[in-house]
Every structure is written in structure tokens, then in C-alpha cells.
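Peer 1: Got a structure here, written out as C-alpha cells. Questions coming.
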Amino acid sequence: MVKKNSKLDRSAKSLFIGLIICLLLIYGGDIVMPILLSGFIATLLTPLANTFEKWHMPRALSSLISVLLAFTFLLGVVTLISVKSTDIITDLDLVKKVNQLEFLNSKDSFDAEMDSRLGEYKNMVYSSLEGVKNMIFQMGEQAATSLKDAFIFLVTFPVYLFFMLMYRGNIGDFTLEYLKGTNINNPQDLIKDMQKVLQQYLKGLALLILIISSLTGIGLFFLGIKHAFIIGLISGILTLIPFVGVILSALIPIIIALATKDSIWYTVGVVAVYAVVQFLEGNIITPKVVGNSININPLVVIIGLVIMGALTGIIGMILTLPILAILKVITNHYSELRPWKILMQDKE
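Take the sequence shown: its position 62, counting from 1, is numbered 733 in this note's numbering, and each next residue is one higher.
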């Protein structure tokens, strides 16, 4: 009877904790997600900050320089993508396509049936352009409404990141002291494993982005797709979103191929490039580069993506894998969570 009540208590506690987490993500996602993201990035920057401190640099200064270097790199990448994205949109030149149809329509050599067909094609293109224009306006309105949130994020995120680096010792001591009151046998091992897994995953992910960007860019370059390497960079970055990212990244060169090339085979070639890169990424690159730091079954990943995406948006989807990686480490050290460990492991 006591054992049964104990199981009920654990279940009730788990449900309560899950409910609290969901409520925090729903109503406090704008606060929670920047803190989580800064915590992950701080873990990645910790070795860099430690290196500066070995050079007898004060912790505050080492933390500040690490944050500035990270943001300088990030700002450079964002600026490059923004500038090149404008060039990509310009090169699509949809209006020129409409003018070409109008020119063909004015030729006397075409019969009435061809004139009718060209008129239909023109209307289709005009409708498409109108739809694109409306979509751009809608995106602009949405961007304007979220500008305040974006500004708050850009201000608070580096502040969180700086102080997490500066007070990482306090955070580690707090976590260790808190875990001493639980059923975890060796809290220090848990903290070390969490740091190791997270750093291994983030470093592997950075290298993965570089490899995917290079392979995709080279493949598109040989197909003659304009802006091949910047599209490759975007594709690499979108791998941060598992499963969904590769689909989103493939749409850009497919649209460019359809709009700028005369043969459908270029579009087929683009699809083939992404299929080959995706095959290499899933079967060779990720296992070798990221290793077994994650090793979570796809079902749990997909469910996590859906839940985090619904509750917190794109940032939540990006953070799904590192969050699951940490949860998996916790299940390895906490005997009461063994059922969750079995559920999460990638084993048929």
C-alpha cells in the first residue's frame, strides 16, 4: 500500500511539474526562452572565457570580451544574409516575366487560341504577384507588431549571457547544493555530464552547420544556381530546426530554379542536391560530428518540436534538441525517471 501511494505521489509530482513548465512556457515564454538560450550559449562560451582568465584577465572582462566576440560574429552573419537575401529577391525578377508574356501576346503571328492562353498565363502571374505582394505586406505588419519583443530580446539576451558567464561559478554551486537534497547519488557527476553533453552537442552543431553549408553551396554552384553559397549558409543554419529546416531551406533554391532557369531539370537537380546532403547528414555527418551526445529517438524529437513550436515559436524549436539532451542526462542519473530514459533512447 505504501509503495502504491509512493508511485501515486511521484506521478502527481511529475504532472504538477509538467503543468508548471507548460504554464511558464505559455505565459512567460518571452522571459524564459532568452534565459534558456543564454544559458546554452554561455555553456558554449565558457571554454573561451576560461582561456582569457588563464591569461590573468578578470572574470568580468573575460565574460564581456566573450560576449562581444560572439555578437560580432552573429551580427556579421545576419548582416550578410540580410544583404544577400535582398539580392536574391531582386534577381527573381517576376515583373520581367510578366513583360515577356505581354511581348509575346502582342505578336501577330500567334493565333487566337494562343492569345487566349497567354492571357490566362498573364492573369495567373499577375495573381501570383498580387499574392506575393499581400504576403509581404502581412509579413511587414507582423514584423512591426513583434518589433518591440525583438528589441527586448536583443537587449536582455546579451545581459543574461554576460551575467551567466560572470557568475557561472555561483550557478554551478547553487545547482550542486540543490541536488544534494535529491535521490541523485553523485550530483557533481550529473553537472559534469550535463556540461559535457551540451558543449559536445553545440560544438558539433557548429561544425555540422559549416559542413552542410559547404556541401549545399558547392552542389548548387555546379548547378548554376545564383547565390549558391549564401543559400548554402542559410540551409546550414536552418538545420538548427530538425526535420522542418531542410524543407524550408530547399524551397529557396527551388523557387530560384523555377523562376530563372528554362528547364525543369535544374529544379530536379536542386532536389537531388538536398536529398544527397540530407542522406549524408543523417547517416554519416551527424553520427561522426555530433556523435552520441543526443541519441534520442525521432518520435520524442518530433513530439518535442511540435510542443515547443506551439508554445514558444521558432526559438523553442531550435532549443528542443539541447533541452532533450539535458533531460536525457538527468534520466540517466535519476533512478525514478528510468521509464523516461527508456522512452527517450534511440533503440528499436
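The beta-carbon is built from N, C-alpha and C at its ideal position, and this holds for glycine as well.
To which residues of the same chain is Phe-742 closer than 8 Å at the C-beta, ignoring the five residues directly before and after it?
Peer 2: So the qualifying residues of the chain are Pro-829.
Peer 1: Is Val-977 closer than 8 Å to Thr-887 when the C-beta atoms are compared?
Peer 2: Their beta carbons are not under 8 Å apart, which means Thr-887 does not touch Val-977 by this criterion.
Peer 1: Residues in its own chain within less than 7 Å of Ile-923 by CB, not counting five upstream and five downstream?
Peer 2: Cβ neighbours of Ile-923 beyond the five flanking positions: Ile-902, Ile-905.
Peer 1: If Ala-1022 sits next to Leu-869, beta carbons under 8 Å apart, how far is it from one beta carbon to the other, in whole angstroms?
Peer 2: Given a span of 672 to 1019 for the chain in the structure shown, any question on residue 1022 remains unanswerable.
Peer 1: I need the straight-line Cα distance from Leu-970 to Gln-1016, nearest angstrom please.
Peer 2: Looking at the two C-alpha atoms, the distance is approximately 10 Å.
Peer 1: How long is the line joining the alpha carbons of Ala-628 and Gly-843, rounded to whole angstroms?
Peer 2: Outside the shown range of the chain, which is 672 to 1019, sits residue 628, and nothing can be said about it.
Peer 1: Per DSSP, Ile-967 is paired with what?
Peer 2: Gln-1016, per the DSSP bridge assignment.
Peer 1: How long is the line joining the alpha carbons of Ile-926 and Leu-751, rounded to whole angstroms?
Peer 2: Straight-line Cα distance between these residues: approximately 21 Å.
Peer 1: According to DSSP, is Asn-770 part of a helix, a strand, or is it coil?
Peer 2: Summary for Asn-770: the model assigns pLDDT 49, below 50, so the residue's position carries little reliability, and this model does not support an answer.
Peer 1: Ile-1001 lies in the alpha helix (DSSP H); which residues open and close that run?
Peer 2: Taken as a continuous stretch (DSSP letters only), the alpha helix (DSSP H) holding Ile-1001 covers 985-1004.
Peer 1: Indicate whether the contact test is met: 3 or more Cβ pairs, each with one atom in the region 855-875 and one in the region 725-745, closer than 8 Å.
Peer 2: Counting Cβ pairs under 8 Å, fewer than three are found: no touch.
Peer 1: Give, in chain order, every unbroken run of the alpha helix (DSSP H) that is at least 4 residues long and sits entirely within the region 876-922.
Peer 2: Listed in chain order, they are 899-909.
Peer 1: Near Leu-715, what residues of its chain come up, given a Cβ to Cβ distance below 6 Å and the 5 sequence neighbours on each side ignored?
Peer 2: Excluding positions up to five away in sequence, the list reads Leu-873.
Peer 1: Would you please state the rounded distance, in angstroms, between the beta carbons of Ile-1001 and Leu-1008? I believe it to be under 8 Å.
Peer 2: Between Leu-1008 and Ile-1001 the Cβ distance is about 7 Å, and since that is below 8 Å, they are a contact.
Peer 1: Can you list, in chain order, the residues of its chain with a C-beta nearer than 6 Å to that of Met-988? Leave out the 5 residues immediately preceding and following it.
Peer 2: Contacts found: Ile-912, Leu-976, Met-979, Gly-980.
Peer 1: Using the three-state DSSP reduction, which class does Asp-933 fall into: helix, strand or coil?
Peer 2: Three-state DSSP puts Asp-933 in coil, outside helix and strand.
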